[in-house]
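Undergrad: Here it is: the structure, laid out below.
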Amino acid sequence: MNVSSNRGPTAGNPFKQALAEGRAQVGLWLSMGDAYSAELCATAGFDWLLIDNEHAPNDVRSTLAQLQVVAAYGGHPVVRALQGEAASIKQLLDIGAQTLLIPMVDTPEQAAAMVAATRYPPEGIRGVGAGVARVSRWNGRPDYVQHANDEACLLVQAETTIALDNLEAICAVEGVDGVFIGPADLAASMGHLGNPGHPEVQAVIEAAIHTIVACGKAAGTLTGDVGLARRFLELGATFVAVGLDVTLLAQAVRQRAADVDLHIGAQSTGGPY
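Quick note: the sequence shown uses full-length UniProt numbering, first residue 1, plus one each step.
What follows is the structure in structure tokens.
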């Protein structure tokens with residue numbers, strides 16, 4: 001029996017490579033916190049799937065379960081951390097998350113700290129424990145630590161007016177692969193709470209995409225409006241999520257209830273996506 005040590009959760013990072021080459025990657029947000037629904041969504045063929053630890057009811061084990069089921073289908077899992085904290089980032093990397101999205105990065109200093117958290121010394125401060133973790137296939141891939149820094153993909157979220165003021169400086173941080181514009185928090189920061197579709201917010205998002213692309217980094221964002229997603233891709237964004245699993249399910253079940261006249265109505269989800 002031949003079991004190759006060159007395959008597994010960390011043999012290269014095709015998503016990072018695609019962003020570096022400017023190839024558009026279309027994704028879906030996974031917010032149910034459940035491996036079964038994550039696997040179902042993985043069958044749809046999206047380029048990437050966001051496993052959310054910030055707002056969804058996930059922990060390390062539920063994130064691990066979703067990484068395991070998504071791996072069979074080809075879509076690249078991107079894991080959003082709860083916060084930019086080195087110890088939790090280390091855990092996510094050790095369970096096999098190659099690409100991380102870090103929320104609320106407002107300054108280049110914060111961005112640099114996140115780079116350090118995702119890298120082994122001497123480039124960073126990540127603790128070395130891969131030999132007992134899924135990421136190295138429990139030492140089935142003994143060269144993992146030699147390649148880990150190159151395979152890690154770091155995406156940071158710019159989602160406040162402070163972050164946008166510092167956008168060029170954040171983009172200039174070596175080791176930041178992409179910057180994601182968080183529309184909901186940005187709208188709140190601009191005084192348009194709950195309304196990321198406001199023209200002022202959309203104008204700022206478009207300007208931010210131009211800045212990120214001009215700085216040579218990958219730009220990303222999230223929208224449930226397919227036409228708007230196409231617009232962002234035309235502007236040069238390379239990783240765009242086009243919806244959330246919970247929103248799509250809510251819309252579908254409410255519409256079905258309305259279709260059979262259950263007196264519920266095809267209600268709006270009431271949210272920004």
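Note that the Cβ used here is the ideal one computed from N, Cα and C, for glycine as well.
Fair warning: this is a prediction, and the values are worked out from it, not measured in the lab.
For T63, which residues from the same chain have a beta carbon less than 8 Å from its beta carbon, with the 5 sequence-adjacent residues on both sides left out?
TA: Contacts found: I51, N53, V79, L92, I95, A97.
Undergrad: Distance, Cα to Cα, G12 vs A169?
TA: Distance between the alpha carbons of G12 and A169: 28 Å.
Undergrad: Name the residue from D59, D261, L235 whose alpha carbon lies nearest to the alpha carbon of I205.
TA: That would be L235, whose Cα lies nearest to the Cα of I205.
Undergrad: Can you tell me which residues form a DSSP beta bridge with Q157?
TA: DSSP output for Q157 lists F180 as bridge partner(s).
Undergrad: Of all the options A252, A133, A241, which has the alpha carbon lying nearest to the alpha carbon of residue 306?
TA: Since the first residue of the chain shown is 1 and the last is 273, residue 306 is not available in this structure.
Undergrad: Can you list, in chain order, the residues of its chain with a C-beta nearer than 7 Å to that of A111? Leave out the 5 residues immediately preceding and following it.
TA: These residues qualify, in order along the chain: V105, V156, I170, V173, V176.
Undergrad: Can you tell me which of the three DSSP states V260 falls into?
TA: In this structure, V260 counts as coil in the three-state DSSP scheme.
Undergrad: Quick check on the burial criterion: 16 or more other C-beta atoms within 10 angstroms. Buried or exposed for Y144?
TA: The residue in question, Y144, is buried, as its Cβ has 16 or more Cβ neighbours within 10 Å.
Undergrad: Tell me which residues share the same chain as S37 and place their Cβ nearer than 7 Å to its Cβ, disregarding the 5 neighbours each side in the sequence.
TA: Contacts found: D245.
Undergrad: Note down, in chain order, each residue of its chain lying with its Cβ closer than 7 Å to the Cβ of F46, except the 5 sequence neighbours on either side.
TA: Taken in chain order, the residues that qualify are V26, G27, L28, G75.
Undergrad: Give the range of the alpha helix (DSSP H) segment to which A63 is assigned.
TA: Looking at the sequence provided, one finds Thr at residue 63 rather than Ala. Its alpha helix (DSSP H) spans residues 60-70.
Undergrad: Is it buried or exposed for N6, if we count other Cβ within 10 angstroms and need 16 for buried?
TA: Because the pLDDT of N6 is 39, which lies under 50, any placement of that residue in the model is unreliable, and the number read from its coordinates should be weighed accordingly. When all chains shown are included, N6 counts as exposed.
Undergrad: Please determine, among H210, V213, L164, the residue with the shortest C-alpha to C-alpha distance to S189.
TA: Measuring from the Cα of S189, the nearest candidate turns out to be L164.
Undergrad: Going by C-alpha to C-alpha distance, which of N149, K90, A208, W138 sits closest to G127?
TA: Checking every option, the nearest Cα to that of G127 belongs to K90.
Undergrad: What is the DSSP secondary structure of I125, reduced to helix, strand or coil?
TA: In the structure shown, I125 sits in coil (DSSP, three-state: anything other than H, G, I, E or B).
Undergrad: Thinking C-beta only, is A218 closer than 8 Å to F239?
TA: The answer is yes: Cβ separation under 8 Å.
Undergrad: Beta strand (DSSP E) containing T221: first to last residue?
TA: Per DSSP, T221 belongs to the beta strand (DSSP E) from 218-222.
Undergrad: Under three-state DSSP, which class holds P196?
TA: Correct three-state label for P196: coil.
Undergrad: What do you reckon, are the CB atoms on V242 and A252 nearer than 8 Å?
TA: Contact flag unset, no.
Undergrad: Starting from the C-beta of E39, find all residues in its chain whose C-beta is less than 6 Å away, skip the five residues before and the five after it, and write them out in chain order.
TA: Once the five neighbours on either side are set aside, the close Cβ partners of E39 are V69.
Undergrad: DSSP has G27 in a bridge; who is on the other side?
TA: According to DSSP, which records beta bridges pairwise, G27 is partnered with W48, A241.
Undergrad: Just the C-alpha distance for F180 and V213, rounded to the nearest angstrom, thanks.
TA: Near 12 Å, if we compare the C-alpha coordinates of V213 and F180.
Undergrad: Rounded to whole angstroms, what's the CA-CA distance from S136 to Y120? Just pull it up for me.
TA: Using only the alpha carbons, I get a separation of about 14 Å.
Undergrad: Relative to the ligand NAP, is the shortest distance from any of its heavy atoms to the C-beta of P77 smaller than 7 Å?
TA: This structure does not include the ligand NAP; it has no bound ligands of any sort.
Undergrad: Quick check on the burial criterion: 16 or more other C-beta atoms within 10 angstroms. Buried or exposed for M1?
TA: Reliability fails at M1, whose pLDDT of 41 lies under 50, so the model's placement of it is uncertain and no value is given.
Undergrad: Whole angstroms is fine: what's the gap from T10's alpha carbon to L67's?
TA: Because T10 sits at a pLDDT of 43, beneath the cut-off of 50, its placement in the model cannot be relied upon, and the following sentence gives the value as read from the coordinates. Those two C-alpha atoms are separated by around 12 Å.
Undergrad: Can you grab the Cα-Cα spacing for the pair P108 / L167, in whole Å?
TA: P108 and L167: Cα-Cα distance of roughly 8 Å.
Undergrad: Excluding the 5 residues preceding and the 5 following V260 in the sequence, name in chain order all residues of the same chain whose CB lies nearer than 7 Å to its CB.
TA: Here the set comprises nothing.
Undergrad: Look at the alpha carbon of G8 and the alpha carbon of G140, and state the distance between them as a whole number of angstroms.
TA: Confidence in G8 is poor, its pLDDT being 45 and thus under 50, which makes the residue's placement unreliable; the coordinate value appears in the next sentence. If I take the Cα positions, the gap works out to 9 Å.
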